[in-house]
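Residue numbers (our numbering): 85 to 353.
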């Protein structure tokens with residue numbers, strides 16, 4: 085028991101009860117918010133995966149149904165261009181998240197930049213994600229173009245579909261490889277238990293090989309950013325593309341790339 089000097093009366097321990105209860109309620113509410121956020125995120129990933137792969141199957145059936153031999157060379161060019169576009173897009177996003185901004189940025193830093201920086205500290209962490217968690221966000225990105233293509237197949241005349249067919253092949257190739265970028269990236273960090281066909285695709289450099297991707301994981305992580313097929317890494321490096329782009333941004337904005345990368349590593353360790 086104690087004395088309340090301001091009011092001149094004895095204090096009891098009862099006043100501490102509500103405080104302890106308040107702390108407990110705050111913890112419960114905090115845990116509830118985390119649970120709701122995680123559950124909502126998981127639902128978003130599941131919905132995105134289901135919609136994406138359903139639209140892929142629908143569009144693939146219509147591409148097969150509308151195939152003509154006269155399109156063969158256009159199809160090959162469109163698919164190659166689509167794969168290169170997806171590879172470049174993966175490099176651009178990867179370079180941006182690795183090189184600019186801070187993990188301390190509100191919302192964007194935690195949701196987008198942090199996973200890339202954390203990946204440098206724990207490269208195999210991605211291998212502990214299941215299929216839905218690995219691919220959910222990328223599936224969400226491709227839903228709109230795939231849905232647009234599906235609507236075109238349902239509403240356009242056969243002549244219009246024939247005319248647009250190479251474009252559909254280009255968009256479809258981009259959608260497939262953008263969707264699978266994180267899965268391919270995950271495979272590049274998986275050293276045991278990969279299916280034989282995945283190893284074959286890696287060895288043929290059809291998708292990102294494991295040895296190839298190791299080059300990026302040498303500090304300060306300033307090269308070989310493309311993580312879909314990796315086809316563009318060598319030519320972009322020879323051209324000094326990322327270096328010149330960083331110099332341009334630095335001269336225009338007065339900011340340096342990767343300034344907080346070491347601070348992030350120190351914070352984690």
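For each residue, glycine too, the CB sits at the ideal point set by N, CA and C.
So, using beta-carbon positions, are residue 274 and residue 174 closer together than 9 Å?
-> At a Cβ-Cβ threshold of 9 Å, residue 274 and residue 174 do not count as neighbours.
Could you tell me the boundaries of the alpha helix (DSSP H) in which residue 214 lies?
-> From DSSP, residue 214 is part of no alpha helix (DSSP H); its letter is neither H nor E.
Bounding residues of the alpha helix (DSSP H) (the contiguous stretch that carries residue 156) | Residues 156 to 183.
Per the contact definition of three or more C-beta pairs closer than 8 Å, is the segment 282 to 292 in contact with the segment 129 to 139?
-> As far as the Cβ criterion goes, the segment 129 to 139 does not touch the segment 282 to 292, which means the pair count is below three.
Is it true that the CB of residue 249 sits closer than 9 Å to the CB of residue 147?
-> Contact: yes.
Distance, Cα to Cα, residue 154 vs residue 141?
-> If you draw a straight line from the Cα of residue 154 to the Cα of residue 141, it is about 23 Å long.
Determine the DSSP secondary structure at residue 333, reduced to helix, strand or coil.
-> Reduced to three states, the DSSP call for residue 333 is helix.
Span of the alpha helix (DSSP H) around residue 187 | For residue 187, there is no enclosing alpha helix (DSSP H), as DSSP marks it with neither H nor E.
Note down, in chain order, each residue of its chain lying with its Cβ closer than 6 Å to the Cβ of residue 338, except the 5 sequence neighbours on either side.
-> Cβ neighbours of residue 338 beyond the five flanking positions: none.
Report yes if the CB atom of residue 218 is closer than 9 Å to the CB atom of residue 270, and no otherwise.
-> Yes, the Cβ-Cβ distance between residue 218 and residue 270 is below 9 Å.
Do you know offhand how far residue 224's Cα is from residue 133's?
-> Each residue's CA atom was taken as its position, placing residue 224 and residue 133 some 7 Å apart.
Exposed or buried, what is residue 256 when buried is set at 16 or more other beta-carbons lying within 10 Å of its beta-carbon?
-> So residue 256 counts as buried.
Do residue 311 and residue 178 come within 9 Å of each other at the CB atom, strictly closer than that value?
-> Yes, the pair counts as a contact, with Cβ atoms nearer than the cut-off.
Entirely enclosed alpha helix (DSSP H) segments - the segment 194 to 264, minimum 4 residues | Taken in chain order, the complete alpha helix (DSSP H) segments of 4 residues or longer contained in the segment 194 to 264 are 198 to 205, 215 to 239, 242 to 263.
Which term fits residue 201, buried or exposed, when burial requires 16 or more other beta carbons within 10 angstroms of its beta carbon?
-> It counts as buried.
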